[in-house]
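S.K.:
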Amino acid sequence: MSTHQHAEGQLPHEPEKATLEGRNKILGFWLFLGAETALFGTLFSAFLALRHNIGDGPSPQHLFELPMVFAATMILLTSSLMSVFAVQAMHRHKVKEMVGWLIATIVLGLAFLGLEIYEFNTYVSEGHKMTTSAFSSSFYTLVGFHGAHVAFGVLWIGLLILQIFKKGLTVVTAPKIYVSAIYWHFIDVVWVFIFTVVYLMGKVG
Amino acid sequence: MKGDAALAAHAHTVKRYRGLMDWLTTVDHKKIGILYLIAGGLFFLIGGLEAILIRIQLIKPMNNFVSADTFNELITMHGTTMIFLAAMPLLFALMNAVIPLQIGARDVAFPFLNALGFWTFFFGGLLLNISWFTGHVPDAGWTSYVPLASPTYSEGAGVDYYVLGLQIAGIGTLLGGINFMATIINMRAPGMSFMRMPMFTWTIFITSALIVFAFPVLTVGLVALMFDRLFFANFFETAAGGSGVLWEHIFWVFGHPEVYILILPAFGIISEVVSTFSRKRLFGYSSMVFATVLIAFLGFMVWAHHMFTTGLGPVANALFSIATMLIAVPTGIKIFNWLFTLWGGSIRFTAASLFGIGFIPTFVMGGVTGVMLASAPADYQYHDTYFVVAHFHYVIVGGLMFGIFAGMFYWWPKMFGRLLNETLGKITFFTFFIGFHLTFFVQHFLGLLGMPRRVWTYLDGQGLNGMNLISTIGAILMGIATIVMLINIAVTSLKRPNAANDPWEDGRTLEWSIPSPPPEYNFKQIPLVRGYDAWWKEKMEGKKAMTPAEPPGPIHMPSPSILPFVMSVGLFISGFGFIYDKLFLAIGGLAVTLICMLLRSVFDDHGFHIEEHEQEKGVTA
Numbered sequence: 024m025s026t027h028q029h030a031e032g033q034l035p036h037e038p039e040k041a042t043l044e045g046r047n048k049i050l051g052f053w054l055f056l057g058a059e060t061a062l063f064g065t066l067f068s069a070f071l072a073l074r075h076n077i078g079d080g081p082s083p084q085h086l087f088e089l090p091m092v093f094a095a096t097m098i099l100l101t102s103s104l105m106s107v108f109a110v111q112a113m114h115r116h117k118v119k120e121m122v123g124w125l126i127a128t129i130v131l132g133l134a135f136l137g138l139e140i141y142e143f144n145t146y147v148s149e150g151h152k153m154t155t156s157a158f159s160s161s162f163y164t165l166v167g168f169h170g171a172h173v174a175f176g177v178l179w180i181g182l183l184i185l186q187i188f189k190k191g192l193t194v195v196t197a198p199k200i201y202v203s204a205i206y207w208h209f210i211d212v213v214w215v216f217i218f219t220v221v222y223l224m225g226k227v228g
Numbered sequence: 013m014k015g016d017a018a019l020a021a022h023a024h025t026v027k028r029y030r031g032l033m034d035w036l037t038t039v040d041h042k043k044i045g046i047l048y049l050i051a052g053g054l055f056f057l058i059g060g061l062e063a064i065l066i067r068i069q070l071i072k073p074m075n076n077f078v079s080a081d082t083f084n085e086l087i088t089m090h091g092t093t094m095i096f097l098a099a100m101p102l103l104f105a106l107m108n109a110v111i112p113l114q115i116g117a118r119d120v121a122f123p124f125l126n127a128l129g130f131w132t133f134f135f136g137g138l139l140l141n142i143s144w145f146t147g148h149v150p151d152a153g154w155t156s157y158v159p160l161a162s163p164t165y166s167e168g169a170g171v172d173y174y175v176l177g178l179q180i181a182g183i184g185t186l187l188g189g190i191n192f193m194a195t196i197i198n199m200r201a202p203g204m205s206f207m208r209m210p211m212f213t214w215t216i217f218i219t220s221a222l223i224v225f226a227f228p229v230l231t232v233g234l235v236a237l238m239f240d241r242l243f244f245a246n247f248f249e250t251a252a253g254g255s256g257v258l259w260e261h262i263f264w265v266f267g268h269p270e271v272y273i274l275i276l277p278a279f280g281i282i283s284e285v286v287s288t289f290s291r292k293r294l295f296g297y298s299s300m301v302f303a304t305v306l307i308a309f310l311g312f313m314v315w316a317h318h319m320f321t322t323g324l325g326p327v328a329n330a331l332f333s334i335a336t337m338l339i340a341v342p343t344g345i346k347i348f349n350w351l352f353t354l355w356g357g358s359i360r361f362t363a364a365s366l367f368g369i370g371f372i373p374t375f376v377m378g379g380v381t382g383v384m385l386a387s388a389p390a391d392y393q394y395h396d397t398y399f400v401v402a403h404f405h406y407v408i409v410g411g412l413m414f415g416i417f418a419g420m421f422y423w424w425p426k427m428f429g430r431l432l433n434e435t436l437g438k439i440t441f442f443t444f445f446i447g448f449h450l451t452f453f454v455q456h457f458l459g460l461l462g463m464p465r466r467v468w469t470y471l472d473g474q475g476l477n478g479m480n481l482i483s484t485i486g487a488i489l490m491g492i493a494t495i496v497m498l499i500n501i502a503v504t505s506l507k508r509p510n511a512a513n514d515p516w517e518d519g520r521t522l523e524w525s526i527p528s529p530p531p532e533y534n535f536k537q538i539p540l541v542r543g544y545d546a547w548w549k550e551k552m553e554g555k556k557a558m559t560p561a562e563p564p565g566p567i568h569m570p571s572p573s574i575l576p577f578v579m580s581v582g583l584f585i586s587g588f589g590f591i592y593d594k595l596f597l598a599i600g601g602l603a604v605t606l607i608c609m610l611l612r613s614v615f616d617d618h619g620f621h622i623e624e625h626e627q628e629k630g631v632t633a
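If you read the sequences in order, they're chains A and B.
The numbering used here numbers the first residue of the first sequence as 24 and each following residue consecutively.
The numbering used here numbers the first residue of the second sequence as 13 and each following residue consecutively.
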């Protein structure tokens, strides 16, 4: 009954799915991501409806610098790959290796955030503020919501690493690692859409 | 370390609270159901009082009972309160009380989130209603259309209360939706396949799916409006390139599924009540399931029928018109299934079944006006008149509230161990039924005569006086019916618990196989389900109890926690901070919530066990 009795060596192959609590957590998290999809879908719709209304502000062609955004995209994609390796290490019960990959995940996440803050800073200095136009409001809300998700994810995975140090890999901590990885992939997928819809489409008109 | 944890789980070190602290910390779905019932009931009374005030103002032409401003506040708060803070919580009360029992589970998938959902709803509702005392009351209608709700035309904090109150309450609803979906998918007893689930469980499953996909849309709409109002963003500011029509789309992409979020559970309740009190299997069970899914699916593609007069053009209007009319097909399937369930049944007329049977013709009338409104050219005539008011009160009060009343009478003994008084119940039904039709039937004709909705008064000599008077008398009758219901609840709660396991004697589903009210762990042994109407099937074979699917043993329970309450208080404080531009309060409140999340993550909940000798004697699966 108790979910805490398994010693490290006796962990099942997929410790995240070993208990009903774990399976509930994973299913519930997928449902939560369904809700997140509706949330970002609405933000995208609002952005698409308003993106041509730039008012007196700078145009997206003028603002966006694709090389930097492309670098940010690559960083986030790589970070997602790191979390795949972390989950694979977890399935092999290699705790140290898993923690290493998780640290790589959040380091790349932080690099992405740094680039985004730098990017927003540049935009504001070029007169592209929250209050400039409907385009700017919907841009900052959509990309900012994504950025807030990345920041939350970094804090969350950071906390999980500390928990792994304290509690080890158990059937309680494994589902947490697993859902944080799903979350991270989801944010990554949202970014792929942002890169396409906001930046590439903004650049070509 | 891990050995200690295992020991802690078996030892009874977990603090168990009594009295008020028990209610603040509970994670038991049955207690949370009662909390939802109390809070939802309270908001129902507030919303009802607002309705009575509206009707008193309209009792005669050129009345001065309330000012025009107050009238705007009353209609806004009446609509918002009734939809978000009364109807939905009352449904959540019934689904919390019943769903785990119907599927043979010991609790929901996420007991902690369940408590969090309740408290965020409660504090969101509290924030919204505190506006009455601060003098800044939302007054832009329950749909809060821009530009009326924009900072230019709604100065002051009124609409901010709407935005933040609903945002916080909405978190609770979303958590509930996720929780019940996960519960129904993962926690069903052995043998309960999807097509053996009771109809109420099916409708809650589909409603939860609608919540999961519809509420985030409202979240974004409210965020955008909040940014416009508090941080001078331009989502809806036409001068800066924003779009008012965007708000209409966002609101109704959420708002129309919301209508089905409300009515589908009522369909489920009616299915259970009609079947039980006809002593017959529900007619056309699989077509009922199919119709429910179809209604939910179509419910997402008809939002623009609220916007026929916005000017989307004839092609869009035609498509949304046809899609809307299509919904009449699965709804009709349901109506006929209920009629065929009643047909040839040995019907018992209890208060619950009276509400169930009264529901059917009333809801059909609301459906017929719905099809009338779905015709876009005709809608240009009905739009913004009392015809629309009559229509949606027929489906929401005549549909949903009748369903909630039926469900309350039906499941009250399971929730509280006492049967409500049947005589008072029948008085409630007849007073409410007559009062309801008096109030809203005439409003169809007021609308056709051209009386606009949301206007605080009307002129004499337009042929509107008599029907408005009748409408107000009806509203007072509904108020009397509600008072009789409250007396009934008070009288019943003074009695000693007397309800048997299966107080209606014709119970069909698993909740009637266990004591009323059930023990903390619901089922001593998880039951084995051998068919649709699992409990009825066993009874028909002469069995006195369900066949257990597991040996008796210690039962693992989650620990109570105060964190959900504190997290919601944090959001409540943060909401105030945003409304009054006090950044330290806004951030401080959010910090409280985040710290609680951190504590929840760091400290594992080992729960505790109820050993076999502590389980109630004679309680079997």
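Quick reminder that beta carbons are idealized off the backbone N, C-alpha and C, glycines included.
#1: Could you tell me if B:V341 is buried or exposed, where buried requires 16 or more neighbouring beta carbons within 10 angstroms of its beta carbon?
#2: What did DSSP end up calling B:I115 once you bin it into helix, strand or coil?
#3: So within the region 157 to 204 of chain A, which uninterrupted alpha helix (DSSP H) runs reach at least 4 residues, ignoring any that extend past its ends?
#4: Rounded to the nearest angstrom, what separates B:I607 and B:L366 at their Cα positions?
#5: Relative to chain B, which residues along the region 174 to 190 of chain A have a C-beta separation below 7 Å, given in chain order?
#6: Here's the rule I'm using: 16 or more other beta-carbon atoms within 10 Å means buried, otherwise exposed. How should B:F448 be labelled?
#7: Where do the ends of the alpha helix (DSSP H) carrying B:H568 lie?
#8: Using DSSP's beta-bridge definition, name the partner residues of B:I622.
#9: Compare the C-beta of B:N141 against all C-beta atoms of chain A and say whether one is closer than 9 Å.
#10: Roughly how many angstroms separate the alpha carbons of B:D240 and A:S159, rounded to a whole number?
#11: On a Cα-Cα basis, can you pick out the residue from B:S505, B:S79, B:I111 that is closest to B:D151?
#12: Could you round the C-beta distance between B:E553 and B:K426 to whole angstroms and report it? I think they count as a contact, below 8 Å.
#13: Excluding the 5 residues flanking B:W264 on each side, which residues of the same chain have their C-beta closer than 6 Å to its C-beta?
#14: Do the CB positions of B:W154 and B:I87 come within less than 9 Å of each other?
#15: From the beta carbon of B:A390, is the nearest beta carbon of chain A less than 9 Å away?
#16: Could you give the residue range of the alpha helix (DSSP H) that holds B:A245?
#17: Taking the C-alpha atoms as reference points, what is the distance between A:T96 and A:S102?
#18: Closest by CA to B:Y544, which one among B:F212, B:L138, B:G45, B:Y48?
#19: For a cutoff of 9 Å on Cβ pairs, would you count A:Y163 as touching chain B?
#20: State yes or no: is the C-beta of B:L237 within less than 9 Å of the C-beta of B:F266?
#21: Between the region 534 to 564 of chain B and chain A, which residues of the former have a C-beta closer than 7 Å to a C-beta of the latter?
#22: For the alpha helix (DSSP H) holding A:P92, just list the boundary residues, first then last.
#23: Got a sec: is the Cβ-Cβ distance from A:K40 to anything in chain B below 9 Å?
#24: Using a cut-off of 7 Å between C-beta atoms, extract the partners of B:D616 located in chain A.
#25: Work out the CA separation of B:G587 and B:G600 for me, nearest whole Å.
#26: By how many angstroms is the C-alpha of B:L597 removed from the C-alpha of B:G91?
#27: Chain B partners of A:F158, CB-CB under 9 Å?
#28: Given this structure, state the Cα-to-Cα distance separating B:F312 from B:F192, to the nearest angstrom.
#29: Quick one: what does DSSP say B:P560 is sitting in, helix, strand or coil?
#30: Between the beta-carbon of B:G177 and the beta-carbon of B:N141, is there less than 9 Å?
#31: Just the C-alpha distance for B:G415 and A:V107, rounded to the nearest angstrom, thanks.
#32: Under 8 Å Cβ to Cβ from A:Q28, same chain only, skipping five residues before and after it: list those, please.
#33: Check whether the region 156 to 163 of chain B touches the region 101 to 114 of chain B, taking contact to mean three or more Cβ pairs, one atom from each stretch, closer than 8 Å.
#34: Taking C-beta pairs closer than 9 Å, name the residues in chain B that A:T154 reaches, listed in chain order.
#35: In terms of residues, what are the limits of the alpha helix (DSSP H) holding A:F52?
#36: For B:F444 and B:N534, what's the separation of their Cα atoms in angstroms?
M.R.: A quick look at the data gives this:
#1: exposed
#2: coil
#3: 157 to 190
#4: 50 Å
#5: L182, Q186
#6: buried
#7: Here B:H568 belongs to no alpha helix (DSSP H); instead the beta strand (DSSP E) covers 567 to 569.
#8: B:I567
#9: no
#10: 12 Å
#11: B:S79
#12: With a Cβ gap of about 23 Å, B:E553 and B:K426 do not count as contacting.
#13: W315, H318
#14: yes
#15: no
#16: Taken as a continuous stretch (DSSP letters only), B:A245 belongs to no alpha helix (DSSP H), as it is neither H nor E.
#17: 10 Å
#18: B:F212
#19: yes
#20: no
#21: none
#22: Position check: residue 92 of chain A holds Val in this sequence, whereas Pro was assumed. 89 to 114 is the span of the alpha helix (DSSP H), which, as asked, contains A:V92.
#23: no
#24: V195
#25: 11 Å
#26: 29 Å
#27: N246, G253
#28: 20 Å
#29: strand
#30: yes
#31: 48 Å
#32: Bear in mind that the predicted position of A:Q28 carries a pLDDT of just 46, short of 50, making it unreliable; the figure below should be weighed with that in mind. Answer for A:Q28: no residue qualifies.
#33: no
#34: F243, F244, A245, N246, A252
#35: 43 to 73
#36: 34 Å
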